[in-house]
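The C-terminal position of the sequence shown is numbered 229 in my numbering, with every residue numbered one higher than the one before it. In this text, a Cβ means the ideal position worked out from N, Cα and C, and glycines have one as well. Keep in mind the model is a prediction, meaning the values are calculated, not measured.
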Amino acid sequence: ELWHRSGHWDHYKDNMYTTQIDGMNYAIKPMNCPGGMLVYKRKLHSYRDLPERIAELGLVHRHELSGTLHGLMRVRCFTQDDAHIFMTPEQVEGEILGVMDLIDHFYKVFGFGYSLELSTRPENSMGTDEQWKMATDALIHALKKNGKPYEVNEGDGAFYGPKIDFHLRDSLGRTWQCGTIQLDFQMPERFDLTYTGEDGEKHRPVMLHRVIFGSIERFIAILT
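Okay, here's the thing in structure tokens:
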């Protein structure tokens with residue numbers, strides 16, 4: 006039921022490990038985000054509480070094709086330094102820029118330069134055109150305000166929202182996606198997440214998915 010609600014069953018099932026026990030379908034976790042939403046949903050929230058940032062080091066399993074596996078660079082089981090940020094619409098730009106600065110800081114510690122890509126709506130996606138435009142425009146505005154050059158990767162966003170990808174270069178000159186910032190209007194709606202606004206009414210938060218290293222295993226491989 007969890008993966009149906011999140012949309013993974015309809016849009017990501019081919020990349021999931023599934024099984025059936027006593028007539029019920031089960032899946033091994035491919036992404037950490039539904040867990041973050043269940044944590045948020047455990048209690049009531051006010052606009053004064055936001056942004057709320059929920060972080061974890063989560064182990065995920067994804068059914069990558071055997072021909073794409075590559076040492077520690079691309080594996081089927083890896084650890085993500087995941088965080089999910091729940092915020093008001095007015096806080097979106099500040100949170101995106103804050104995460105971009107955080108990722109920049111960590112990469113500089115290791116002496117890495119990086120390139121940026123804006124990945125837009127894929128064919129297999131959920132949500133309205135208006136929601137996707139709002140999310141994409143917000144990322145573009147933050148990228149322009151950040152001032153670093155970026156390229157557009159058409160159709161390579163997540164099924165729930167567009168994203169900013171951070172690519173690092175290894176010792177052989179190959180680029181690998183590590184950090185990512187994904188803006189999501191879909192899952193807060195599907196999980197019926199709310200907060201009480203200054204007007205006393207219920208409002209829907211906006212969600213930001215972010216990783217700094219991405220796959221810890223991949224980042225270690227690039228370092229070595």
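| Check | Outcome |
| --- | --- |
| For Glu159, which of helix, strand or coil comes out of DSSP? | coil |
| Is it buried or exposed for Ile186, if we count other Cβ within 10 angstroms and need 16 for buried? | buried |
| Just verifying my parser: in three-state terms, what is the DSSP assignment at Lys229? | Reading off the sequence shown, one finds Thr at residue 229, where the question assumed Lys. Reduced to three states, the DSSP call for Thr229 is coil. |
| What would DSSP say about Val216, mapped onto helix, strand or coil? | strand |
| My assumption, with CB atoms under 8 Å, is that Leu55 sits in contact with Met21. Please give the rounded CB distance. | Not a contact, Cβ separation roughly 31 Å. |
| Are the CB atoms of Pro94 and Val211 nearer to each other than 8 Å? | yes |
| Pull up the distance between the alpha-carbon of Thr201 and that of Ile227, whole angstroms please. | 44 Å |
| What does the alpha-carbon distance come out to for the pair His75 and Gly160? | 24 Å |
| I need the boundaries of the alpha helix (DSSP H) containing Ile145, first residue and last residue. | 134-151 |
| For Met105, count the other beta carbons within 10 Å of its own beta carbon; 16 or more makes it buried, fewer makes it exposed. Which is it? | buried |
| Measuring only between beta-carbons, confirm whether Pro94 sits less than 8 Å from chain D. | In the displayed structure, chain D is absent; only one protein chain is listed. |
| Which complete beta strand (DSSP E) runs does the stretch 27-86 hold, if anything under 3 residues is left out? | 29-32, 57-66 |
| Should Gly12 and Gln182 be called a contact, given that it needs their Cβ atoms to be closer than 8 Å? | no |
| Tyr112 by DSSP, collapsed to three states: which one? | helix |
| Give me the Cα-Cα distance between Ser130 and Trp8, rounded to the nearest whole angstrom. | 15 Å |
| Out of Arg215, His214, Ile221, Glu206, state which residue places its alpha-carbon closest to the alpha-carbon of Ser51. | Glu206 |
| Compare the Cα-Cα distances from Asp142 to each of Lys113, Phe171, Asp189, Leu177 and report the closest residue. | Asp189 |
| Just to confirm the assignment: which complete alpha helix (DSSP H) runs, minimum length 4, are found wholly within the stretch 162-195? | 192-195 |
| Just the Cα atoms here: how many angstroms apart are Arg195 and Glu128? | 20 Å |
| Buried or exposed: Thr23, going by 16 or more other Cβ atoms within 10 Å of its Cβ? | exposed |
| Helix, strand or coil for Ser130? Go by DSSP, reduced to three states. | coil |
| Once DSSP output is grouped into helix, strand and coil, what is the label at Glu222? | helix |
| For the putative contact between Tyr165 and Gly219, defined by C-beta atoms under 8 Å, what is the C-beta separation to the nearest angstrom? | Between Gly219 and Tyr165 the Cβ distance is about 17 Å, and since that is not below 8 Å, they are no contact. |
| I want to know whether the stretch 108-118 touches the stretch 134-148 - three or more CB-CB distances under 8 Å. | no |
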